[in-house]
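Asker: I am attaching a structure below and will ask some questions about it afterwards.
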Amino acid sequence: MLFKRVFGVYINDEIQHGPAEIKRYVESWKRLIQQSGRKDEDWQLELFNHMYDNLDALDNKTTSLLQFNGIMAAVYSFIASSLIGPERLGDFANQLSAIDHWSGFFAYDVFFFLIAIVFLVISIVASLQVVWVHWSRTSELIDADSHLQTLVEVRNTRTVRYRRAWLYSIASLFAMLVGGVISVFGLGSTLESLASWLPAAVLGAWIIRVHVSEPILLSIRRVFSTG
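Quick note on my numbering: the sequence shown kicks off at 1 and runs consecutively.
If you want it as structure tokens, here you go:
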């Protein structure tokens, strides 16, 4: 399951993209409620309740994720103050200033530690966007259908943000573990020859995975599913 979430088409999975797909989603709910023998007006109430239940679930999950991120932030603060210290951070900064002339040992454990902090901050920011308070505008209350479609859009947007926040939180923890292994077992010297390209490769691969590859993978899947 974890492998699928990290490497599969997951962030945009089960998400309706564009007004056409959202409209079909609302119409599918309408047919489902009508098939159960209820009155025609009941489908709107059912879908309203379903959307608000989804938003409540996202709020609860995001609160748990923020609590987890808070614990990790405390751990990272302890590591930064007790284990790494200002001298090693200063050495790492000097290496970055000489990026075209890297030679000798590269502080990979510090590098992964800083990546862990950056990813954790991104996760926290994305999580805070999920719990942003949304109130319906007057223009959205023209009719029930348009209001329902707006709620679906809000749910989908927050779902994508939560999933990205979750992935960044997991990646932050993984980066910290990698940095710890390198530091404890002294593996930095074995990575010496990779110092000129490994940091950029790690960041580039992650950005492509989380922000670029999803639309491509989704398009390929749709082609094969409709073929």
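Don't be surprised by glycine CBs; every beta carbon is placed ideally from N, CA and C.
Fair warning: this is a prediction, and the values are worked out from it, not measured in the lab.
When you compare the CB positions of Q16 and V160, do they come within less than 8 Å of one another, or not?
Answerer: no
Asker: Using the rule of at least 16 other Cβ atoms within 10 Å of the residue's Cβ for burial, across every protein chain shown, is F113 buried or exposed?
Answerer: buried
Asker: Can you tell me which of S81, A74, V26 and S123 puts its alpha carbon nearest to the alpha carbon of I170?
Answerer: S123
Asker: Cutting at 8 Å between CB atoms, please list the residues of its own chain near W29, excluding the five before and the five after it.
Answerer: W43, E46, L47 and H50
Asker: Pull up the CB-CB distance for I71 and R164, whole angstroms please, since I reckon it's below 8 Å.
Answerer: Not confirmed; about 20 Å, so no contact.
Asker: Just the Cα atoms here: how many angstroms apart are V131 and Q67?
Answerer: 13 Å
Asker: How would you call D250, buried or exposed, if buried means at least 16 neighbouring beta carbons within 10 angstroms?
Answerer: The question about residue 250 has no answer, for the chain in this structure spans 1 to 227.
Asker: Drop a sphere of 10 angstroms on the beta-carbon of S172, count the other beta-carbons inside from all chains shown, and report buried for 16 or more, exposed for fewer.
Answerer: S172 counts as buried, since no fewer than 16 other beta carbons sit within 10 angstroms of its beta carbon.
Asker: Where K61 and A74 are concerned, what is the direct C-alpha to C-alpha distance, given to the nearest angstrom?
Answerer: Approximately 20 Å, taken between the alpha carbons.
Asker: Could you say which of G179, N156, H134 and V210 lies nearest to N54 if we only look at CA atoms?
Answerer: N156
Asker: What first and last residue would you give for the alpha helix (DSSP H) that runs through S28?
Answerer: G18 to Q35
Asker: Excluding sequence positions up to five away, which residues of its chain have a Cβ less than 6 Å from the Cβ of D109?
Answerer: For D109, where only same-chain residues beyond five positions count, the Cβ hits under 6 Å are G179, I182 and S183.
Asker: Hey, out of F78, A80, N69 and V154, whose CA is closest to F119's CA?
Answerer: N69
Asker: For N12, which of helix, strand or coil comes out of DSSP?
Answerer: coil
Asker: Given a threshold of 16 other Cβ atoms within 10 Å of its Cβ, counted over all protein chains shown, does V26 qualify as buried or as exposed?
Answerer: buried
Asker: Secondary structure at W43, three-state DSSP: helix, strand or coil?
Answerer: helix
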